[in-house]
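Right, one structure below, let's go through it.
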């Protein structure tokens, strides 16, 4: 299970197992949720009197999953580096850093075929950090534990397929059609929260196609108020016809426990990926090579555009499909391949679900003017490769300007007064070649340098710092402080509540930052 709280994400794994009754005799070759078996026990529509019969039918196919991991631990040998270091382990004077400890993770899963294919979340069977998974086990409701083989996994969708082998056919369930799910429909979740295996919870679908802001290729979930907690990861979410319409994956929580907001990967996304993993096929998804940001209130105010429509391009990877199509940092993409870009249908989701090699029309707004470009969708790199992309190595915080923990002295009252102090809460001077050398940027760089920031201003709240270089404002290149003041005056004349600054900090790529006017 993963948390989605603010912009932070944490894995939720816990576990144990309880012995439960099965719903079919040994040797059954019919899916536990086959329509002929479910029809007679389905609660009446709209007001189920009990979920007991439905649960008894489905529960035998839901399993507990555990892993044993070997995790490297930091060497805290106080004699490291001395002749006595070897006496305390680690080798080579105690500096080997090779000590490890055993760890365990537990989650949930469900069997999808009589011959023992099991679906779960990738993070359930993947070690954290520098750990290494040594073994995976699957425990069925009757208490039998099976060693599991990893058939395939996909980090982007957080899905994995395992295989277990037994002496008789396993009870199993089938995927349903999550596209038919509606807000208000009853659902039940079965899983292994906090190690309490075989736990059943019920609720309704609270939202469909909910984006959590994770920025992943599959940021599109079914939201539910069915109680989901640690250890529910990878467990199934069933509709009232007994179909698996979602795979429990994340919760939104300030406490670490369920507060009634849980997320499940829709079956329409999961089923095709699971089938490919089961068959050993590679998972390919589309890629443009851009770093994006939703159009929030501040961006909308600075751009003069409606919010919740389109996504803002912060940076473009050189040589990728977006760059070759002429897409630039500062563009707002509103439509891709005939599909509107909006909160429940993000740019990442649309592109990821487009076949690599396909040419798509992209509608965008550049400096207030609509235009269309054609881009060839590339193949999305692995998650590890994406993490190492040079164009995304700015190590920014949520506001886009990086850690400001060492800037307490920088975020003081601006050193300059006048229009910028009153409107933006900053002081600024022109960027001269001498200052450029001091800041470690090219002497050809043009802009104005921030000399001070009022910590009570929006600029201060968003992390703007002394020594930052403002390259442009509302897409107008800056050479003097007067240029920036002119943009501010124009924004006020147009009744805009914010201006869009393009900011560069030494050693980091330039980014766009909307700053609200005072």
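Numbering (the working numbering), first residue to last: 82 to 599. Note that beta-carbon positions come from the ideal geometry of N, C-alpha and C, so glycine has one too.
Going by DSSP, what residues sit across from residue i in a beta bridge?
{"i": "residue 558", "result": "553"}
{"i": "residue 227", "result": "219"}
{"i": "residue 145", "result": "189 and 220"}
{"i": "residue 270", "result": "282 and 318"}
{"i": "residue 350", "result": "None, per the DSSP bridge assignment."}
{"i": "residue 458", "result": "None; residue 458 has no bridge partner."}
{"i": "residue 383", "result": "Residue 383 is not bridged to any residue."}
{"i": "residue 213", "result": "151"}
{"i": "residue 597", "result": "579"}
{"i": "residue 451", "result": "446"}
{"i": "residue 329", "result": "345"}
{"i": "residue 584", "result": "551 and 592"}
{"i": "residue 304", "result": "288 and 344"}
{"i": "residue 356", "result": "Residue 356 is not bridged to any residue."}
Counting along the chain, where does the alpha helix (DSSP H) carrying residue i start and finish?
{"i": "residue 291", "result": "Premise fails: residue 291 lies in the beta strand (DSSP E), 280-291, not in any alpha helix (DSSP H)."}
{"i": "residue 504", "result": "500-504"}
{"i": "residue 432", "result": "428-433"}
{"i": "residue 518", "result": "514-520"}
{"i": "residue 118", "result": "116-119"}
{"i": "residue 591", "result": "Here residue 591 belongs to no alpha helix (DSSP H), and DSSP marks it neither H nor E."}
{"i": "residue 133", "result": "133-139"}
{"i": "residue 541", "result": "539-542"}
For residue i and residue j, I'd like the C-alpha separation in whole angstroms.
{"i": "residue 549", "j": "residue 589", "result": "11 Å"}
{"i": "residue 331", "j": "residue 240", "result": "13 Å"}
{"i": "residue 326", "j": "residue 354", "result": "14 Å"}
{"i": "residue 142", "j": "residue 302", "result": "23 Å"}
{"i": "residue 359", "j": "residue 309", "result": "27 Å"}
{"i": "residue 323", "j": "residue 264", "result": "17 Å"}
{"i": "residue 556", "j": "residue 406", "result": "20 Å"}
{"i": "residue 189", "j": "residue 313", "result": "6 Å"}
{"i": "residue 117", "j": "residue 138", "result": "12 Å"}
{"i": "residue 376", "j": "residue 351", "result": "28 Å"}
{"i": "residue 597", "j": "residue 401", "result": "33 Å"}
{"i": "residue 349", "j": "residue 289", "result": "12 Å"}
{"i": "residue 216", "j": "residue 394", "result": "42 Å"}
{"i": "residue 432", "j": "residue 438", "result": "11 Å"}
{"i": "residue 152", "j": "residue 426", "result": "38 Å"}
{"i": "residue 249", "j": "residue 222", "result": "15 Å"}
{"i": "residue 489", "j": "residue 533", "result": "A caution first: residue 489 carries a pLDDT of 36, below 50, which makes its placement in the model too unreliable to give a value."}
{"i": "residue 268", "j": "residue 576", "result": "47 Å"}
{"i": "residue 452", "j": "residue 273", "result": "51 Å"}
{"i": "residue 475", "j": "residue 503", "result": "Here residue 475 scores only 37 on pLDDT, less than 50, and its place in the model is too uncertain to base an answer on."}
{"i": "residue 449", "j": "residue 384", "result": "7 Å"}
{"i": "residue 206", "j": "residue 316", "result": "13 Å"}
{"i": "residue 231", "j": "residue 271", "result": "22 Å"}
{"i": "residue 441", "j": "residue 134", "result": "49 Å"}
{"i": "residue 562", "j": "residue 392", "result": "30 Å"}
{"i": "residue 410", "j": "residue 595", "result": "14 Å"}
What span of residues does the beta strand (DSSP E) with residue i cover, start to end?
{"i": "residue 347", "result": "343-347"}
{"i": "residue 440", "result": "440-447"}
{"i": "residue 319", "result": "317-319"}
{"i": "residue 416", "result": "413-417"}
{"i": "residue 400", "result": "Segment: none, residue 400 is in no beta strand (DSSP E) and carries neither H nor E."}
{"i": "residue 533", "result": "529-534"}
{"i": "residue 508", "result": "507-511"}
{"i": "residue 375", "result": "371-375"}
{"i": "residue 240", "result": "240-244"}
{"i": "residue 199", "result": "198-201"}
Going by C-alpha to C-alpha distance, which of the options sits closest to residue i?
{"i": "residue 544", "options": "586, 291, 523 and 514", "result": "586"}
{"i": "residue 546", "options": "506, 523, 440 and 268", "result": "506"}
{"i": "residue 277", "options": "530, 224, 237 and 433", "result": "224"}
{"i": "residue 334", "options": "463, 443 and 311", "result": "311"}
{"i": "residue 380", "options": "579, 584, 583 and 134", "result": "579"}
{"i": "residue 417", "options": "410, 434 and 274", "result": "434"}
{"i": "residue 255", "options": "140, 220, 134 and 266", "result": "140"}
{"i": "residue 258", "options": "319, 206 and 304", "result": "319"}
{"i": "residue 110", "options": "347, 253 and 566", "result": "253"}
Residues in the same chain with beta-carbon distance under 6 Å from residue i, minus the five sequence neighbours each way, listed in chain order, please.
{"i": "residue 46", "result": "Since the first residue shown for the chain is 82 and the last is 599, residue 46 is missing from the structure and cannot be characterised."}
{"i": "residue 214", "result": "148, 150 and 208"}
{"i": "residue 227", "result": "219 and 245"}
{"i": "residue 132", "result": "269 and 283"}
What does a CB cutoff of less than 8 Å around residue i pick up in its chain, not counting 5 residues either side in sequence?
{"i": "residue 306", "result": "284, 285, 287, 341, 342 and 343"}
{"i": "residue 514", "result": "524"}
{"i": "residue 436", "result": "365, 367 and 458"}
{"i": "residue 408", "result": "369, 371, 394, 397, 414, 443, 445, 454 and 456"}
{"i": "residue 293", "result": "85, 300, 302, 331, 333 and 344"}
{"i": "residue 203", "result": "234, 235, 236, 238, 239, 240 and 241"}
Could you name the residues of the same chain whose beta carbon sits closer than 7 Å to that of residue i, not counting the 5 residues immediately before and after it, in chain order?
{"i": "residue 251", "result": "192, 195 and 197"}
{"i": "residue 526", "result": "512, 517 and 550"}
{"i": "residue 591", "result": "552, 583, 584 and 585"}
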